[in-house]
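A.B. asks: Using mature numbering (1 follows the signal peptide of the UniProt record, and there is no 0), the letters of the sequence shown map in sequence onto residues -25 to -1, 1 to 191.
Glycine residues also receive a C-beta, built at the ideal position from the N, C-alpha and C atoms.
It should be emphasised that the depicted structure is a prediction, and the values quoted were computed from it without experimental measurement.
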Amino acid sequence: MTARRSMIRRAAAVAAAATAAVVLAACGGGNDSSAGHEGHGKSPSPSASAPASASASAKQGEHNAADVSFAKGMIPHHRQAVEMAELAETRAGSAEVKKLAAEIKKAQGPEIKTLSGWLTSWGEAVPTEEESGEHAGHSMSGMMTPEEMDKLQKSSGKAFDTAFLQMMVKHHEGAIEMAKTEQSNGAYRPARDMARAIITSQSAEIERMNKLFGKS
């Protein structure tokens, strides 16, 4: 009887030890599994999506059709203004008109280069000198016709001053209209910034020319 009890106790001890081992193994396995799941099942951190955000940010500098139209239109428009300003160097009678013309040439010459650079970088054709002539005059606001340019070329002194101021006011109003369209529809920030600068500077020059017109 005693031997039998001893065997029962021994069996119970072995069973208890086996149970404890199973429990410990389960606990250990649970920890490992938990750690492994945490490492693999974790959702991507915000930093993982950073490249996509950077890509979206870069797209903000892209251009659209309105930007291309603005550049292609403003180049011939500016070229004609520079041509008119160059005529004033030898034909204007007023020193104030000559000064204004020189300022217009100085401002718009570099803008032509900038606009041309944008078109080239976008894979677009830069308008040729021929496209800045008669055809452009029919398609853009404020452009002088060949007849008007011929009249300006043949005048001098006070007659030139009067014709130049009248034509340049009209020319500037056309440029402002084009710039406002770019500000409303354009996507390329540098182009929109240039449009804003054109509106500001040429509006001020229109006021100045209207005052000079009264003196001419």
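(1) Going by other Cβ atoms of all chains shown within 10 Å of its Cβ, with 16 needed for buried, is Pro85 buried or exposed?
(2) Can you look up Ala67 in the DSSP assignment and give me helix, strand or coil?
(3) Which of helix, strand or coil does DSSP assign to Ala150?
(4) Which one or two residues does DSSP pair with Gly132 in a beta bridge?
(5) Could you give the DSSP three-state label for Lys17: helix, strand or coil?
(6) Phe139 to Met59, Cα distance in whole Å?
(7) Among the candidates Gln158, Glu105, Lys133, whose CA atom is the shortest distance from the CA of Pro121?
(8) Report yes if the CB atom of Ser116 is closer than 8 Å to the CB atom of Met153, and no otherwise.
(9) Measure the C-alpha to C-alpha separation of Ala41 and Gln128 and round it to an integer number of angstroms.
(10) Going by CA-CA distance only, name the one from Ala166, Glu148, Met119 that's closest to Glu182.
(11) Closest to Gly101 by CA distance: which of Lys145, Asp136, Pro51, Val57 is it?
(12) Within 10 angstroms of its Cβ, does Ser69 collect 16 or more other Cβ (buried), or is it exposed?
(13) Please return the same chain residues whose Cβ sits closer than 6 Å to the Cβ of Ala23, not counting the five positions on each side in sequence.
C.D. replies: Well, looking at it:
(1) Here the question's residue 85 lines up with position 110 in the sequence shown. Looking at its Cβ environment, which holds fewer than 16 other Cβ atoms inside 10 Å, Pro85 is exposed.
(2) Numbered from its first residue, the sequence shown carries residue 67 at position 92. Ala67 falls in the strand class under three-state DSSP.
(3) Within the sequence shown, the letter at position 175 stands for residue 150. Helix at Ala150.
(4) Looking up residue 132 in the sequence shown gives position 157. Paired residues: Ala67.
(5) Reading the sequence shown from its first residue, position 42 is the one you call residue 17. A caution first: Lys17 carries a pLDDT of 42, below 50, which makes its placement in the model too unreliable to give a value.
(6) In the sequence shown, counting from the first residue as 1, residue 139 sits at position 164. In the sequence shown, counting from the first residue as 1, residue 59 sits at position 84. Their backbone Cα atoms lie some 8 Å apart in a straight line.
(7) For the purposes of this step, residue 121 is taken as residue 146 along the sequence shown, with counting starting at 1. Comparing Cα positions, the closest option is Glu105.
(8) To locate residue 116, count along the sequence shown from 1; it is residue 141. To locate residue 153, count along the sequence shown from 1; it is residue 178. Yes, they are a contact pair.
(9) As a first step, residue 41 must be located in the sequence shown, where it is residue number 66. As a first step, residue 128 must be located in the sequence shown, where it is residue number 153. Answer to the nearest angstrom: the Cα atoms are 34 Å apart.
(10) For the purposes of this step, residue 182 is identified with residue 207 of the sequence shown, where counting begins at 1. Comparing Cα positions, the closest option is Glu148.
(11) Taking the first residue of the sequence shown as 1, we reach residue 101 at position 126. For the record, residue 101 in the displayed sequence is Val; it is not Gly. Nearest C-alpha to Val101: Pro51.
(12) What you label residue 69 is simply residue 94 of the sequence shown in a count that begins at 1. Ser69 should be labelled buried.
(13) Position 48 of the sequence shown holds residue 23. Because Ala23 carries a pLDDT of 40, less than 50, the predicted location of this residue cannot be relied on, and the following value inherits that uncertainty. Cβ neighbours of Ala23 beyond the five flanking positions: none.
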